[in-house]
Amino acid sequence: MPRPGLRTKKRVYVKVPGGGLKLRFKREKPNPARCAWCASPLGGVPRLSPSELRKLARSSRRPTRPYGGYICPSCLKEGLERAVLG
């Protein structure tokens, strides 16, 4: 019987070098990154763990616009308008 923390995880059979199959449990994807102002999910930010994110190129980790990966485009537009107009 699997330990309690693994009961809800998906089961994957992996071929081992000896030719047999071994049961492994699939890791869950992390929750999507969210906007710091409105809490809507951010587009362009992959749903990967920090160790997997480190393997990606910097340009594919988050959008390259100002505050990309931190606030959504609509909040950025609103914040810039508020900063310029006062």
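With the first letter of the sequence shown counted as 1, position 21 gets the number 21 in this note's numbering; the numbers rise by one all the way through. By construction, the Cβ of each residue, glycine as well, lies at the ideal position given by its N, Cα and C atoms. Note that the structure is predicted; figures quoted are calculated from it, not measured.
Other residues of its chain near residue i: CB distance less than 6 Å, five sequence neighbours each side excluded
i: Val14; result: Lys22 and Arg24
i: Cys38; result: Cys75
Spatial neighbours of residue i in its chain, beta-carbon cut-off 7 Å, leaving aside the 5 residues before and after
i: Cys35; result: Leu42, Ile71, Cys72 and Cys75
i: Pro63; result: Gly44 and Gly69
8 Å contact criterion, which residue i and residue j should meet: CB distance rounded
i: Pro32; j: Ser49; result: Not confirmed; about 13 Å, so no contact.
Residue i and residue j closer than 8 Å at C-beta
i: Val16; j: Lys26; result: no
i: Lys9; j: Glu28; result: yes
i: Arg65; j: Leu53; result: no
Residue i at chain C interface by Cβ criterion, 8 Å
i: Asn31; result: Of the protein chains in the structure, only one exists, and it is not chain C.
Counting Cβ pairs closer than 8 Å, one from the region 40 to 49 and one from the region 64 to 77, do we hit at least three? yes
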